[in-house]
Amino acid sequence: MTISGNQTAKLAANVPTDQGRFGDFGGRYVPETLTRALDELVVEYEAARNDPKFQAELTELLRSFVGRPSPLYYAERLTARCGGSQIWFKREDLNHTGAHKINNTLGQALLTIRMGKSRVIAETGAGQHGVATATACARFGLPCIVYMGEEDVRRQAPNVFSMKLLGAEVRAVSSGSRTLRDAINEAMRDWMSSVESTHYIIGSVVGPHPFPMMVRDFQSIIGTEARQQCLAQLGRLPDRVVACVGGGSNAAGMFYPFINDPGVHLTGVEAGGLGAGCGEHASPLTYGDPGVLHGSYSYVMQDNDGQTSDVHSISAGLDYPGVGPEHSYWKNAGRVEYKTCEDRDALKAFDAVAACEGILPALESSHAVSQAMKIASTGCHDEIVVVCLSGRGDKDASEIARLRDVQLGLDEASHET
Amino acid sequence: MSLIDDLFARLRTSGEKALMPFVTAGDPDIAFTGRILAELDRRGCHLAEVGIPYSDPIADGPVIQSSYTRALDRSTTLEQILAMLQTRSSSNGMPIVTMVSFSIVLRWGLERYIENAKAAGVSGAIVPDLPLEESAALAEICRREDFSLIQLVTPTTPRDRALQIAETSTGFLYYVSVTGITGERNDLPPDLIDTVGWLREQTPLPVCIGFGISRAAHVQQLAPVADGLIVGSAIVRRIATAAQNPPDAVLEDVGGYVGELLAALNER
Ligand SMILES: Cc1ncc(COP(=O)(O)O)c(C=O)c1O
C-alpha cells in the first residue's frame, strides 16, 4: 500500500490523543485504583519531557553508562551470503546489559525518582527487561522486584542470576501460561496494592496510557540515531527498516523516527512459532483480532469469549499474545507491514549471524534478521536494509543447547534460580 | 426501575442493609453455581454477584484467580453461564449482577452482551477494568436497556472524581474498601467509615462496600454506614473445597456462613 506524505505526517503528529488513543487503539482499561497514578504519570512525564535538565541527565546516562550511540554496522559477509541488498545492523546488542531495554528503564527510573516513589516493580519475559530494570535500580539505589513466568525462569536462567546479582528480587509466577503475559498480570496486581509508593517500569509499548507513548519515546533514540547514522555514513535514508515485535518496543523505537519518511519501508516481524495453527505462534497482528488485554485495545490472540489464547515462541521475549496499540494503528493505516518468522527460521538466522559476523544475536532479534535476509536476497546491492539487532544472544545459548541436545556444564548456575 | 433499584428502595424504607455474595460461575461446574445461587437466595441474601471467569484478572487475588482458572479449565463459556442464569431467573429470586472483564464484553459486542445478559434475567454489570473515561459507550447502551452499570470508587479516587463516578453509576455505587486486589483481610482501613459516610451524603445512590470483607465483625462494623456489603473471596474459598467434599456439605458450609453474616447484619 502506498501512503502520501501528508497522511504519514498526520500519523505521527496526532498520536496518541490525551486519552491515549492511536486511532481506535490504546486507551486505558484498568481498575479505578490505578487511575490516579496513571494521571500523575501523564503529568509528570509531560513535565520531564519538557525539562532540559531531565533530558540532559538521561542523555548523559545513555552516553556514559549505556555506551550510546550504538553503532550502525555493515554486515558484509551476511550481505554477501544473501547476495542482494546491503544488510546493516543497528547494534542495540552492544548496549550495557545487552539489549535495547536499558533505554527505557533508565528513563523510567529517573521518572520514578522525580515522582518521589521509593520502590520499583517490573515484569520480564526474556529477562532482558528484568536485568535492565535491576541495573537502573541498582544505579539509583531503588529496591526492585521483578516478576517472571516460571517457564521463562527456566529458559532464561542466566538472566535470572544476573538480576539477583544486581540486587533485585525475582518472583517466579506460576499462574496461567507461566510466561510474559502472566508476569504482567502479577506485576499489575502488585501495583494495585502498592501504587502509592511504587512505580511500575513496564518493559514494552504495552499497557494503559501513558505507557505505550512513554516507552516509545524512550526507545526512539534507536531510530533517531539510526536515521542520522544512515545520513552520515551512507549519505541517504535506508530503503527498508526491519525489527522484531514482541510487545513492540524496539520496533516502535526504531520505526517512529522514520514514520514521516514515506520512502522508507518498515517491516515488523512477529513470532511465527511452529506455524499458523492456534496456540502455535505469537503473532496477534497477523492472526489476531482487536481486543483488550493488559489495559489497552489492540490486536490480541483471544477466543470467542474474549479469553486470552495460549501462544508459543522459541523466544521468551516474543512469547506474548498482545502487542502495543501503536503497532495496530500502523498496521491498519498501512504504514508498517507485519510479517511472521517461524522458530526454525529464527534459529537459522541466529546461526548465520554467528557464522558470518561473529555476533550471537538474541533469538528475538534473529526473527528480524531472518526477515531482513529474505528481503535482501531478492533485492539489488544498492538497496539498504537496516535491521534492529535488539539484543545479544548470550542469554539464549543454554536454551539453544538444550534444544539441540547439547550438554553444558551450567547445571550449577541454573540451580541458583 | 430495575430490580436493583426496587431492592434498595425497599431496604432504605425498612432501614435494612443488603448482603451481596460473590460467586464464580462454573466453579467447580455450572450446575453447582446454580445450586449455590439457590442456596444464597434461600438464606435471604439480597443480591448476588456472579463472576464471569476471565483468563487475566488483574484486580483479583489468588482465591478468585484460581476459581477462574478452575472454571476455564472446564471450558466454561459465557453461553453456558447465561443459560444457567436464565433457568434460575424464572423463579424470581434475588437480583443478579455479573462481574465481568471488559475484554469479554467487548469481544461479545457491547449490545449483544447486554441484551443476552438481560434476557437471562441479569440486572446489571460491574466491569472492573472499565474506568469512567472508557465507559461512555457501554453506559449509553445500559441506560437504553434499563440495565445497571455499577461503577467503582476506590481509596485512590480523588473526591471530585468520586462525585463524577457517582453521577454515571446506576443501580448502586461500589466502594472498594482497600487499595489492592480482592482477598480476605483481617483489618480494614481506619478511614473507610468516614469516606463511605461522606460518599453517602453526596449521592442518592446506594453505596455498597466490597473487597476484604469476610468476618461477622466486619459486617457489624460496616453495615451502619453502607447500603450493602459484598463478600467474595471468603465464599469462593469455601466453594473451592468442593473438589474434595460432597456438594451438599459445601452448600451447607456456605449457607451456614452467609447465615452468620446475615445475622450480624441485622444485629444492631
Ligand atoms: C533482545 C530483545 N529483543 C526484543 C524483545 C521483544 O520486546 P519488544 O518487542 O518490546 O522490543 C525482547 C524482550 O524481551 C528482547 O529481549
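Note that the protein sequences, when read in sequence, are chains A and B. Just so it is clear: in the first sequence, position 236 is 236 by the working numbering, and no numbers are missing. Just so it is clear: in the second sequence, position 27 is 27 by the working numbering, and no numbers are missing. Just so it is clear, CB atoms sit at the ideal spot from N, CA and C, and this is done for glycine as well. These numbers come from a predicted model, not from an experiment.
**Message:** Please classify residue 406/A as buried or exposed, where buried requires at least 16 other C-beta atoms within 10 Å of its C-beta.
**Reply:** With fewer than 16 other Cβ atoms within 10 Å, it is exposed.
**Message:** With DSSP as the reference, identify every bridge partner of residue 270/A, one or two as the case may be.
**Reply:** Checking the DSSP bridge columns, you'll see residue 270/A partnered with 340/A.
**Message:** Is residue 318/A close to ligand 1? I mean its beta-carbon at under 7 Å from any heavy atom of the ligand.
**Reply:** Annotation for residue 318/A indicates a beta carbon within 7 Å of some heavy atom of ligand 1.
**Item:** Proximal residues, the segment 293-310 of chain A versus chain B, C-beta separation under 9 Å
**Value:** Within the segment 293-310 of chain A, the residues whose Cβ lies closer than 9 Å to some Cβ of chain B are 293, 294, 295, 297, 300, 302, 303, 304, 305, 306, 307, 308 and 309, listed in chain order.
**Prompt:** So does residue 249/A have its beta carbon nearer than 7 Å to some heavy atom of ligand 1?
**Reply:** Checking every heavy atom of ligand 1 against the Cβ of residue 249/A, one is found closer than 7 Å.
**Asked** Looking at the structure shown, is residue 257/B part of a helix, part of a strand, or coil, going by DSSP?
**Response** Of the three classes helix, strand and coil, the one that applies to residue 257/B here is helix, per DSSP.
**Prompt:** Three-state secondary structure (DSSP) at residue 47/A?
**Reply:** Under the three-state reduction of DSSP output, residue 47/A falls in the helix class.
**Message:** If I measure Cβ to Cβ from residue 178/B and keep anything under 8 Å in the same chain, skipping five residues before and after, which residues do I get?
**Reply:** The beta carbon of residue 178/B is closer than 8 Å to those of 155, 185, 188, 189, 211 and 212 in its chain, skipping five residues each way along the sequence.
**Prompt:** Rounded C-beta distance between residue 255/B and residue 16/B? I'm assuming under 8 Å.
**Reply:** With 8 Å as the limit, residue 255/B and residue 16/B do not qualify as a contact, their Cβ atoms being about 20 Å apart.
**Request:** Return the chain-ordered ranges of every alpha helix (DSSP H) run that is complete within the segment 246-331 of chain A and spans a minimum of 4 residues.
**Result:** Runs of the alpha helix (DSSP H) lying entirely within the segment 246-331 of chain A and spanning at least 4 residues, in chain order: 249-255 and 284-287.
**Asked** Taking all protein chains shown into account, do 16 or more other C-beta atoms lie within 10 angstroms of the C-beta of residue 14/B, making it buried, or fewer, making it exposed?
**Response** Counting Cβ neighbours within 10 Å, residue 14/B comes out exposed, since fewer than 16 surround it.
**Prompt:** When you compare each of 103/A, 76/A, 282/A and 234/A to residue 59/A by their alpha carbons, which one comes out closest?
**Reply:** Ranking 103/A, 76/A, 282/A and 234/A by Cα distance to residue 59/A puts 103/A first.
**Request:** Alpha carbon to alpha carbon, how far is residue 39/A from residue 209/B? Give it in angstroms, no decimals.
**Result:** Here the alpha carbon of residue 209/B sits roughly 25 Å from the alpha carbon of residue 39/A.
**Asked** DSSP puts residue 225/A in a beta bridge; with which residues?
**Response** Per DSSP, residue 225/A has no beta bridge partner at all.
**Prompt:** For residue 391/A, which of helix, strand or coil comes out of DSSP?
**Reply:** DSSP places residue 391/A in the strand class (E or B) of the three-state scheme.
**Prompt:** Between the segment 133-151 of chain A and the segment 335-342 of chain A, do three or more beta carbon pairs fall short of 8 Å?
**Reply:** No, because fewer than three Cβ pairs between the segment 133-151 of chain A and the segment 335-342 of chain A fall closer than 8 Å, the two stretches do not touch.
**Assigned secondary structure, residue 76/B (DSSP; H/G/I helix, E/B strand, else coil)** = If DSSP states are grouped into helix, strand and coil, residue 76/B belongs with coil.
**Prompt:** If you draw a straight line from the C-alpha of residue 105/B to the C-alpha of residue 169/B, how long is it?
**Reply:** Between residue 105/B and residue 169/B, the C-alpha separation is close to 18 Å.
**Prompt:** Just to check, is the beta-carbon of residue 364/A closer than 7 Å to a non-hydrogen atom of ligand 1?
**Reply:** Residue 364/A Cβ: within cutoff of ligand 1.
**Request:** With DSSP as the reference, label residue 45/B as helix, strand or coil.
**Result:** Residue state, collapsed to three classes: coil.
**Prompt:** Along the chain, where does the alpha helix (DSSP H) that runs through residue 199/B open and close?
**Reply:** Residues 192-202.
**Asked** Once you ignore the five residues that flank residue 181/B on each side, which residues in its own chain have a CB closer than 7 Å to its CB?
**Response** Only residues of its own chain outside the window of five on either side were considered, and among them 59, 60 and 61 have a CB closer than 7 Å to the CB of residue 181/B, listed in chain order.
**Request:** Determine contact between the segment 396-406 of chain A and the segment 100-115 of chain A, defined as no fewer than three beta-carbon pairs at a distance below 8 Å.
**Result:** The segment 396-406 of chain A is not in contact with the segment 100-115 of chain A.
**Message:** Let's see if you can read the secondary structure: which residues bound the beta strand (DSSP E) around residue 240/A?
**Reply:** For residue 240/A, the uninterrupted beta strand (DSSP E) segment begins and ends at 240-244.
**Asked** Counting along the chain, where does the beta strand (DSSP E) carrying residue 199/A start and finish?
**Response** Residues 198-200.
**Asked** Contact between the segment 27-44 of chain B and the segment 145-163 of chain B: three or more CB pairs below 8 Å?
**Response** No: the two stretches stay apart, fewer than three of their Cβ pairs being nearer than 8 Å.
**Prompt:** Does DSSP put residue 99/B in a helix, a strand or coil?
**Reply:** Correct three-state label for residue 99/B: strand.
**Request:** Note down the Cα distance separating residue 201/A from residue 121/A, rounded to an integer number of angstroms.
**Result:** Looking at the two C-alpha atoms, the distance is approximately 6 Å.
**Asked** How is residue 244/B classed by DSSP in three states: helix, strand or coil?
**Response** If DSSP states are grouped into helix, strand and coil, residue 244/B belongs with coil.
**Prompt:** Relative to chain B, which residues along the segment 373-402 of chain A have a C-beta separation below 9 Å, given in chain order?
**Reply:** Answer set for the segment 373-402 of chain A: empty.
**Request:** With a 10 Å radius around its C-beta and 16 neighbouring C-beta atoms as the bar for buried, classify residue 137/A as buried or exposed.
**Result:** Flag for residue 137/A reads buried.
**Request:** Please determine, among 157/A, 199/A and 231/A, the residue with the shortest C-alpha to C-alpha distance to residue 118/A.
**Result:** Of the candidates 157/A, 199/A and 231/A, the one whose C-alpha sits nearest the C-alpha of residue 118/A is 199/A.
**Message:** Given the structure, does residue 204/A come close to ligand 1, in the sense that its CB is under 7 Å from one of the ligand's heavy atoms?
**Reply:** Yes, Cβ of residue 204/A sits closer than 7 Å to a heavy atom of ligand 1.
**Request:** Examine ligand 3 and report whether any of its heavy atoms sits within less than 7 Å of the Cβ of residue 170/A.
**Result:** Inclusion of ligand 3 in the displayed structure is not the case, the ligand content consisting of ligand 1 alone.
**Prompt:** Should the segment 308-316 of chain A be regarded as contacting the segment 171-183 of chain A, the criterion being three or more beta carbon pairs within less than 8 Å?
**Reply:** Yes, the segment 308-316 of chain A is in contact with the segment 171-183 of chain A.
**Collapsed DSSP secondary structure at residue 267/B in the structure displayed** = Coil.
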